[in-house]
Amino acid sequence: MKKIWRYLTNHVQHDFEWKHYLFVAIFLSVCLFANYTFDFEDSILDNITGINKLIAYFAFFALAYYTVLISVSIFKKEKSFWISKKFHIKSILVLFVLALDKSAPFLKPLITQMFAPELYIWIYKVTVNLISVFTIIIPLLLYYFLYDRREKHIYGLRPQHFDTRPYFTMLGIMLPLIIAASFLPSFLKQYPMYRGAGAADYLGISEWITVCSYELAYAVDFVSVEFVFRGFLVIALLSHTGRNAILAMAAVYCFLHFGKPAGEAISSIFGGYILGVIAYETKSIWGGIIVHVGIAWLMEGMAALH
1 MKKIWRYLTN HVQHDFEWKH YLFVAIFLSV CLFANYTFDF EDSILDNITG INKLIAYFAF
61 FALAYYTVLI SVSIFKKEKS FWISKKFHIK SILVLFVLAL DKSAPFLKPL ITQMFAPELY
121 IWIYKVTVNL ISVFTIIIPL LLYYFLYDRR EKHIYGLRPQ HFDTRPYFTM LGIMLPLIIA
181 ASFLPSFLKQ YPMYRGAGAA DYLGISEWIT VCSYELAYAV DFVSVEFVFR GFLVIALLSH
241 TGRNAILAMA AVYCFLHFGK PAGEAISSIF GGYILGVIAY ETKSIWGGII VHVGIAWLME
301 GMAALH
């Protein structure tokens with residue numbers, strides 16, 4: 001934990017500009033208030049269909065990302081990244097794959113045509129998590145091997161001198177908080193993410209098989225999340241935006257959580273910021289994967305026990 005604390009204090013010393021941080025705090029507070037007052041993500045964005053949903057989510061994530069970088073230009077007087085063609089290509093690419101993964105405009109119609117109604121929910125929940133391999137990981141890896149191969153870290157997938165101990169310590173610290181949160185009605189309304197929907201009975205298999213297949217797919221999706229947020233939005237873009245990549249990423253990460261309980265969306269800002277700093281300093285996303293998958297499975301486990 002001392003190592004992580006050192007990363008954080010060093011980053012704040014080099015990055016903190018109070019007007020910029022205050023502006024971002026106000027911007028995210030207004031967006032959080034608007035989303036949870038008007039149920040924007042669940043009632044409006046989520047109900048858009050087809051290609052319009054992809055466009056809407058692209059604009060949604062772009063609002064978060066570019067607003068923070070505009071603040072960087074105004075309050076920190078750093079503007080050179082705006083004239084970089086590679087920055088624009090990378091930022092548009094990552095926002096597009098995020099929007100594609102979030103909207104998945106083709107997925108529901110395809111599943112309803114191919115599978116029996118008893119399998120819809122299970123197949124959809126497994127597929128919507130695994131689809132990120134094709135919508136996020138493969139496109140970004142393809143970009144890496146075509147244009148960024150000189151960067152040996154592969155956006156954080158190839159760490160050097162990686163120490164797992166601080167991240168398992170973080171999980172230990174989080175455990176009492178997760179146990180306490182598991183007694184809240186909003187927590188139990190959200191988790192577990194898959195509760196069984198008749199697929200096991202229809203297939204004549206144990207419920208454990210359908211549940212475990214979902215949980216494995218759920219973990220794969222978190223690998224994709226770490227790869228796109230800490231790997232691409234931080235490690236791949238730090239050569240253009242430097243330390244400013246972290247706060248911009250945390251804002252987009254907050255927007256990603258707008259469909260979840262408000263407390264989770266708020267905490268995602270701080271969690272995303274911390275994991276972003278770790279990725280920046282270590283050039284690795286594996287610490288984030290350990291923490292992210294560990295917390296997700298602990299939350300699923302506590303909800304299942306309830």
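Each residue of the sequence shown is one higher than the one before, starting from 1 at the first, in this note's numbering.
Idealized CB from N, CA, C, for every residue including glycine.
Because the structure is a prediction, the values reported are computed rather than measured.
Cβ-based neighbour list, residue i, same chain, cut-off 8 Å, excluding 5 preceding and 5 following
i      : result
Arg243 : His11, His14, Asp15, Tyr280
Ala104 : Val128, Ile131, Thr135
Ala34  : Phe40
Ser232 : For clarity, residue 232 is Phe in the given sequence; the question names Ser instead. So the list reads Lys90, Val94, Leu140, Tyr155, once near-sequence residues are dropped.
Leu188 : Ser182, Ala303, His306
Integer Cβ distance of residue i from residue j, believed to fall under 8 Å
i      : j      : result
Tyr143 : Ala99  : Going by Cβ atoms, the distance from Tyr143 to Ala99 rounds to 16 Å, so no, they are not a contact pair.
Val72  : Val133 : 32 Å between Cβ atoms; not a contact.
His292 : Val225 : 7 Å
Gly288 : Arg230 : 5 Å
Lys86  : His257 : Incorrect: roughly 29 Å between the Cβ atoms, too far for contact.
Val97  : Val228 : 7 Å
Leu247 : Tyr218 : Not really, about 28 Å apart at Cβ, beyond 8 Å.
Same chain only: Cβ atoms within 7 Å of residue i, ignoring 5 sequence neighbours per side
i      : result
Ala304 : Pro192
Met299 : Ile178, Tyr191
Glu118 : Gly198, Ala199, Tyr202
His153 : Ile235, Lys283
Glu78  : Val72, Asn244
Thr164 : Ile290
Straight-line Cα distance separating residue j from residue i
i      : j      : result
Thr282 : Thr9   : 15 Å
Gly259 : Ala251 : 15 Å
Ala181 : Ala199 : 29 Å
Glu17  : Ile70  : 14 Å
Tyr155 : Cys31  : 29 Å
Ser284 : Gly204 : 42 Å
Trp315 : Ile290 : With the chain covering 1 to 306 only, the question about residue 315 has no answer from this structure.
Ile209 : Glu215 : 10 Å
Ala245 : Thr37  : 29 Å
Tyr147 : Gly276 : 23 Å
Ile4   : Asp46  : 37 Å
Thr67  : Ser206 : 48 Å
Glu264 : Ala296 : 12 Å
Ile138 : Leu110 : 21 Å
Ser213 : Tyr124 : 12 Å
Ile55  : Lys108 : 17 Å
Ile278 : Ala62  : 24 Å
Phe222 : Leu157 : 14 Å
Trp321 : Tyr65  : Residue 321 lies beyond the residue range present for the chain, which begins at 1 and ends at 306; the question has no answer from this structure.
Proximal residues to residue i (C-beta, below 6 Å), its chain only, five neighbours per side dropped
i      : result
Thr169 : Met1
Ile269 : Ala250, Cys254
Asp42  : Gly259
Pro159 : Ser284, Trp286
Any chain D beta carbon closer than 8 Å to residue i
i      : result
Met299 : Looking for chain D here will not work: only one protein chain is present.
*Where are the alpha helix (DSSP H) runs, 4 residues long or more, that stay fully inside the stretch 186-251, in chain order?*
199-203, 207-226, 238-241
*Can you list the alpha helix (DSSP H) stretches of 4 or more residues lying completely in the stretch 60-118, in chain order?*
85-103, 107-114
*Can you check the stretch 113-182 for any alpha helix (DSSP H) of at least 4 residues that lies completely inside it and give the ranges in chain order?*
120-130, 138-147, 165-181
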